[in-house]
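Working notes for the structure below.
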Amino acid sequence: MRTADHAAAGFIAASLLPFTRQESVEFVAGSVFIDLDHYPGAIKKYGIRNPIDGCVFALTGNLPGLAADDPRRPIEVDRPLHRIETAIGLGLVALLIRRARPAALGVLLHFALDVLDIVTDRRTA
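When the count follows this note's numbering, it moves up by one through the sequence shown with no breaks and lands on 136 for the last residue.
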C-alpha cells in the first residue's frame, strides 16, 4: 500500500475517532511515518539518491526509470519496523503510557492495512 493511501486512511479514521486535535495528529503520524523504514532498503537495493525519486517512491510505490520488465520488480525492500516485535512493543508502550496510545493505534491501522493489502494481492494474483 502506498504512503498516500496510508495517509488518507489515517485522516479518515482519525476524523471518526474521539480524538483531540493533537491526538489526531499523533494517530495519523503513527499510521504514516512507520513507512520511513522503507528508505534505507530502497537506497541500498535500488540506489535511490535523488530526494525527488524518493518522494515518487513514497507516494506511488514506483521508482522513476525502473522499467516494467526490470528483474528487480516487484519493488520489495527490507522493512525493519514492519515486524511483529514492533507491534508487540508498541502495544506494551501504549498499555503503560496513555499518551502513546494514539500513535500506537495509528501504527496498528497501518499494519492492518498492510495485511489487508497482502491478502487482497494473493487473491488477485
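Beta carbons: idealized from backbone N, C-alpha and C, even for Gly.
Distances from the CA of residue 14 to each of 72, 120, 104 were compared; the closest alpha carbon is that of 72. Within the stretch 25 to 89, the alpha helix (DSSP H) runs of at least 4 residues that lie entirely inside it are, in chain order, 32 to 44, 49 to 57, 62 to 71.
Where residue 99 is concerned, the enclosing alpha helix (DSSP H) starts and stops at 95 to 107. Burial state of residue 87 is exposed, judged by a 10 Å Cβ sphere holding fewer than 16 other Cβ atoms.
Put simply, of 38, 34, 134 the residue whose alpha carbon is nearest the alpha carbon of residue 119 is 38.
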